[in-house]
Structures are given as C-alpha cells and as structure tokens.
Amino acid sequence: MPAIVIAVLVAVAFFFGYKYYSKYLAEKVYALDKSKPTPAHEFEDGVDYVPTNKHVLFGHHFTSVAGAAPIVGPAIAVFWGWVPALVWVVLGTIFAAGVHDFGALVVSVRNKAQNIGTLTATVINARSRTLFLLIIFFLLTLVNAVFAVVIAILFEANPGAVIPIFFEIPMAIFIGQYIYRTRTSALVPSIIGVVLLYLSILVGQALPIDIAPLAAAMGLEARTLWIVVLFVYTFFASRLPVWLLLQPRDYINSHQLFIALAVIFLGILVGWDKIVAPAFNTNLPEGSPFWFPFLFITIACGAISGFHSLVSSGTTSKQLDNEEDARYVGYFGAVGEGSLALGSILACTAGVGAYAAWQEKYVDFPTASGGAVGNFVAGVGHFANNLGVPLGLATIFAAVVVISFAATTMDTGVRLQRYIVQEIAEIAHITPLARNITIATAIAVIVPMGLALYPGKAGGDAGFAFGYLWQLFGTTNQLTAGLALAVIAVWVFTNNRNPLAQIIPLTFLLAMTTWALFINLGKFYSEGDWLLTVLNAIIFILAVWLIIEAIGAMNRARGERDRTRRGTTPR
Amino acid sequence: MNATHRIILVREWDAQVSASGCCGRLGGENTELGDKDTFAQNRREMEAMGEVYRALKAELVDVDMEITVVDPRNMIWLVPTLLKDSRKRGLGIGGIWSQLRRGVSYNAIIVDGKTLFSGRIPTAEVALEAVKRELDLRESELAVV
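These protein sequence lines map, in sequence, to chains S and H.
Residues -16 to 554, numbered by this note's numbering, are exactly what the first sequence covers, in order.
Residues 5 to 149, numbered by this note's numbering, are exactly what the second sequence covers, in order.
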C-alpha cells in the first residue's frame, strides 16, 4: 500500500478525533466555559500571565512537545508489523494523548495554572508528589541513557554526521552571542545557522569521522567510546549558562523540526513509496517479546507522553485566553506529536528498500531496537532523496536532525537530573551533595552512562541492552502519564462528570505497564541479569504504588461526592 | 484577528522550547522542574516587557487592538503573521523583509506589521509614546483607504 494513502487515512482519523471526540471532551467531560476567566485574565501581568491567541499558543506548545522520542519508539515497534504500531499511535493519540494533554491543561487552568506536580499533591495527596519525583528521577536516568545510545548508534552508522553535529555547537554559541550581545535580528542568524549546518554536511560527507580505530586502540568498541564522549560533553554542556548553548540551539531546532516534517510528508507524496514491511510480522524468532503488552510501552511518546503534562501545566496554562482554546492547543498538540510518530512508522516501513532489506533490519528484537533509529534516518534520507537530494547527503541530514534533538534532550535531562539529585540530597540532609554542583552533575552523568554502557545478558550485542532500557523508559513515561490521568480523572469525578474518558486509558496504561514489567522481571531474574532485575523491580513497585494511589484517590472522591449528595460532612 | 490593530511584543519565555515535551522540560522559577537562576536573564526581560504590556493595556483602553506576547522561537506563528501584517500595510518586498528581519528578534515591539523596536526593550513610557504615534499614523492610513 502507498505510504501516502496511510498518511491520508491517519489524517482523516485525527480530523474526526479532533472534530468529534475532543468536542465531546470539551462539552461533556471538561465542561469548558468560555465566560469563565482563565488565570491569564485573572492574574494578568504581562509577565507570566498573558492572554494569548490560540494559534500563537499552539505554535509554542507544539514546538515544545515535539522531540526525538516519538521517532525512536515507533521505529522499534514496527518490528511487530506496521499495523499494530500504527493502530496504537492513532488510537493512543485520539483516546489517550489527546485526553491527557487537553485534560492537564484544563485542570491546571481551573486551579490557578498550578503545575502538575503541585496538582498531584493537592488533588491526590502529598505523598504522591514524592511518587511523581521518583518516577521523574528514573525517567530522566533512562532518557539520558537511551538517548546517548541513540546518538552513539547514529554516529557509528553515519560518520558523516559527526562534523555537522560538532560544528553545530560552536555555531549555536556564536549565534547566541551575536543575537544576545548585538541585540539584532534572530531570524537571519538562525536561518544562516541552519544553512551552514546543512552545508557542513558536505564537509562531513567528505571527511567522515570514524572512531572505530581509535576505540580499538583503546580496547573499546566504537559505540562505547562515543557514549563516553557524549557524557563528557553533557557534563560540561549542562554546566553552561542556558543562553550560551541551549537557547540558541532552540532557534536552530525550531527550524529543523518543520524542515524534517516537510521533507517526510512531501517525500512520501512525491516518491509514492509503498510500505514493504508486513502488516503483522508473523516471522518472529523464538524468545521475541510479544506485541501485547510490549507494544504499549515501546511506543510511549507518539501515543501518549506523560511529560506533556509538564508543558500543558507550565507556560501554556498561564497564557490560555479562554477555556475553549484548550481544546485546540492541548488536543491538537497531541495530534502533532502523533503525526511525528506516523512519520517515523512510514520512514521505517516504506523508506528502507524492499521487503528483504526490511526483514534483515528487523530480523530479531535486539537488531530491530539497536538499528531502529538508523532505519528512521535511512527512511527519511530516502524521502529527501525523492525530493532530489543525493541519498548520501540526505541520510546525513536525517541523522543530524535526530541527533540535534537527542543531544538537546540529553543536555536538559542531565540538568534536570542534577536538580533532582540536589533536591533529594536536601531532603536526606546530605548538605555537601546538595550544594556541590560538580558532584551532583557527576552523579547525573555517571548513573545513566553506566546504564548506557551496560551490555545486558538478554540484549545481545546489536543494541547492548538498549531495547530493554527503551522499554523501561517507556514504562516510566507511561507512569508519568498515568499519574497525570489519575489527577484529571479525580478532578473530573469531583466535578460531577463522567471520568471514563480518563479511566479507560489510565487502566489500560497501568495494566500494560505492570504486565510488561512483570514479564521482564521474570525474564531478567531467570537470566541472572541483576541490574535490570533491580531497576525493573523498582519501577514495578512505583507502578503498584501509583495504582494504589489512583484507586485510593477515586474512592476518596466517591466518598466525598456521596457525602455532599447526602448533605453530610466528614467527621 | 478580530481587532483593528495588532501589537506584538517579542521576548523569550524563561523555559526551554525544543525537544522538551517527551523527556525534559527545563524552566524557570514557576515551573515544576527548574530553578530561578537558570533563566534569570530571561526573567529580567520578561519583567521589563511586562511593564510595557501593562502600560499599553492601561493607556490604550479605547483602542481596538490585540496585544500578543510571543517567544521569537515560535517562528511557525511569528513569521507568517509578520508577513501577513506587513503585506496588509502595503509594503513592498524590501519593506516586508526589513520588518520581518527586525521583528524576529530577541526583543521587539511591532505594531500592525511595523517593527518599532528591535533588540531592546524600551521603558514603558517610551514604548507607549511610540506605539501611540504609530497607531495614529495607521488610523490616518486606514482613513485614506
């Protein structure tokens, strides 16, 4: 089937999801009221609280939520065939991500624009905020580990991408200095930056940097050396002021996001490529994880992502002009992320050559997970080639886009992890750690680096333990989403409306997550893989804790509502 | 836009933008994960632009206008809107480019597609005067049309 037909069908499904389901949510579940003043009006100060046109807000929200994770998960998940991955992305976006992102925005707006962490404490209980921080701690550890592996895999497979990526760092710093110090236009320097970045691909192609010989001389594998280099880079990058590197790179990334989306969908349209992957992969080797429940934790971002609740309840909720705009900004933002995931599925199923080539890339789970992001890059390279870009350059271009986003995520992830390490040290009264940024950063770097380098006993050498680490990352992301959905469900219920729209995805996510964790726990234990067993067990305990908190919160809300109906108050 | 005039105040939010949705959201003092020192510079700019915003809102109550505060990294909205507004104003290609180049800046104040300040935030009084002057000029242009 031509990929463009799938893209059109999914667009139609998203259109109907937005037109009808989000309308149902807006009217019946969240009961949006245009006349109710939003925090943007109530506390309007032109600083944090600013009533903002919904199209402006959507641009900001979508640019913020889009990243590399909705690319990697689907690129692995097509291992089970393109239909399961596609169905989960479409249904997840419509019935889970849309509900979650839209709901987090509404609940925040109805609670003075409080963020999701604070809401967790007020709507569920104070203890659940600790749960929230613990989930985020493990999520960030795993994010930093898996993204380091993603970048290392891409550098190893695309040595032509090394020079452009390392050129991007001083260039972003220069652009930032130029913009902030001379206080001139950001448009021209950022466009020039993107052009120079893409021109540097020519240099990268002519001078590919292959560190395999150096790694071999040091007795290491190339990927191992890249992972170490990346964490050393992140250690320093995360210590830099944000205006020096992180923010200028935002300007370049915001151009790249839309260029990549345009290349994918225009390339599919022009090339009229057919999907070569099987609809359902029945040719799985023995011992492969079964798609049910693993599909639902392999694709987290792209079907539902818990971190979106932090964006929805962060800057977005402070700018919402009227409640009805929440539908467009929140729900449609989720649709945008689903479109990125769709692009990833199409790149890995229609852009990788003939069926035999696809089968080779997805021969078993370690090969599929280890090579997934490379397959996406090859697919996007093929789509760009459809538009006339030479294949070699096009492939490096795709690698540069993914690495730019993944490197930004790592930089942020290490900074955030450092804050959390310091916060935990503060709570535990470990004053030297709480006050020493270098030690806190070192911990934030060494722990995920250890995980990224961990070979694992089940992973095989194709992706180290990457496939399993990715699944664990998926579970923590789904748990974050589960916590936000629990907050939204309790809020909907206490406002005398039907919370089924939240409870169904919440129950489904928690069931799939705990089930997958339980299966992997047995697997890692039986293989004597103690590191993954312990990590898996901790996340399993967090999942069970979340289930208990969610059930308890719903029961308390039910009791509260019954007492209110009977006209009695609790003792 | 339903209002006759559009005033755009350009300045960065105290938060990371790209690649923050799935796996990290670095923000300033009012976000869940972040601290006030990381984006202190942005905070100062936000507060300075906030003074301009409040002055415009307080003094231009009778003007049919929409004030939008936008982050320059939100190019998907800012660039097409500036193009549309400056075209509506009848500017030629050179004029449009000039407004666009100056408008997509770290800090800018734009009235109906014309960039009055670029790269700096004036005091609230200076901004108010300039915006008033520009609105009067624009009203007279519209009256001729």
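Each residue gets a CB set at the ideal place from its N, CA and C atoms; glycine is no exception.
Item                                                                                                                       : Value
As assigned by DSSP and simplified to three states, the class of ILE11(H)                                                  : strand
Alpha helix (DSSP H) runs contained entirely in the region 462 to 549 of chain S, provided each spans 4 or more residues   : 483 to 509 and 513 to 549
Option in ARG105(H), ARG93(H), PRO76(H) and GLU36(H) with minimal Cα separation from ARG142(H)                             : ARG93(H)
C-alpha gap between ILE33(S) and GLY100(S), whole angstroms                                                                : Here residue 33(S) turns out to be Val, not Ile, going by the sequence shown. If I take the Cα positions, the gap works out to 22 Å.
Cβ pair count under 8 Å reaching 3, the region 179 to 194 of chain S against the region 397 to 406 of chain S              : no
Span separating the alpha-carbon of LEU19(S) from that of ARG480(S)                                                        : Rather than Leu, the amino acid found at residue 19(S) in this sequence is Lys. Straight-line Cα distance between these residues: approximately 18 Å.
For ILE114(H), the three-state DSSP class (helix, strand or coil)                                                          : strand
Contact set for ASN538(S): own chain, Cβ-Cβ below 6 Å, skip 5 residues either direction                                    : none
C-alpha distance - LEU120(H) paired with LEU125(S), whole-angstrom precision                                               : 47 Å
Where the beta strand (DSSP E) through VAL132(S) begins and ends                                                           : Note, VAL132(S): premise wrong, no beta strand (DSSP E); alpha helix (DSSP H) at 109 to 140.
Beta-carbon gap between ALA330(S) and LYS257(S) smaller than 8 Å                                                           : no
Range of the contiguous beta strand (DSSP E) that encloses THR72(H)                                                        : 69 to 74
Between the CA atoms of ASP18(H) and THR72(H) - distance to the nearest angstrom                                           : 17 Å
CA-to-CA distance, LYS40(H) to TYR402(S), given in whole angstroms                                                         : 12 Å
Contact with chain H by VAL171(S), beta-carbon distance below 8 Å                                                          : yes
Residues of its chain near PRO553(S), where Cβ-Cβ distance is below 7 Å and the 5 sequence neighbours each way are ignored : Its pLDDT being 48, under 50, PRO553(S) is placed unreliably in this model, and the value from its coordinates should be taken loosely. Result list for PRO553(S): ARG546, in chain order.
ASP75(H) classed as buried or exposed, judged by whether at least 16 other C-beta atoms fall within 10 angstroms           : buried
Beta carbon proximity, ILE59(S) to chain H, threshold 8 Å                                                                  : no
Between the CA atoms of MET201(S) and GLY371(S) - distance to the nearest angstrom                                         : 41 Å
Beta carbon proximity, HIS43(S) to chain H, threshold 8 Å                                                                  : yes
Rounded Cβ spacing between ALA467(S) and HIS83(S) (contact assumed at less than 8 Å)                                       : 6 Å
N-terminal and C-terminal residue of the alpha helix (DSSP H) that SER18(S) is part of                                     : Counting along the chain, SER18(S) falls outside any alpha helix (DSSP H), and DSSP gives it neither H nor E.
Chain-ordered residues of the region 159 to 184 of chain S with a beta carbon less than 9 Å from chain H                   : ILE162, TYR163, THR165, ARG166, THR167, SER168, ALA169, LEU170, VAL171 and SER173
Short-range partners of chain S found in the region 48 to 67 of chain H, where Cβ spacing is below 8 Å                     : MET50, GLU51, MET53, GLY54, GLU55, VAL56, TYR57, ARG58 and LYS61
DSSP bridge partner residues for GLY64(S) (one or two, in chain order)                                                     : None; GLY64(S) has no bridge partner.
When GLU25(S), TRP71(S) and LEU303(S) are compared against PHE277(S), the one with the closest alpha-carbon                : TRP71(S)
Short Cβ contact (8 Å threshold) for PHE214(S) with VAL428(S)                                                              : yes
Euclidean distance between Cα positions of VAL48(S) and HIS291(S)                                                          : 6 Å
Closer than 8 Å to chain H by CB, ASP28(S)                                                                                 : yes
Helix, strand or coil at LEU208(S) according to DSSP, with G and I counted as helix                                        : helix
LYS301(S) classed as buried or exposed, judged by whether at least 16 other C-beta atoms fall within 10 angstroms          : buried
From LEU493(S), GLU25(S), PRO67(S) and GLN485(S), residue whose alpha carbon lies closest to that of THR265(S)             : PRO67(S)
Within-8 Å CB hit, GLU16(H) to chain S                                                                                     : yes
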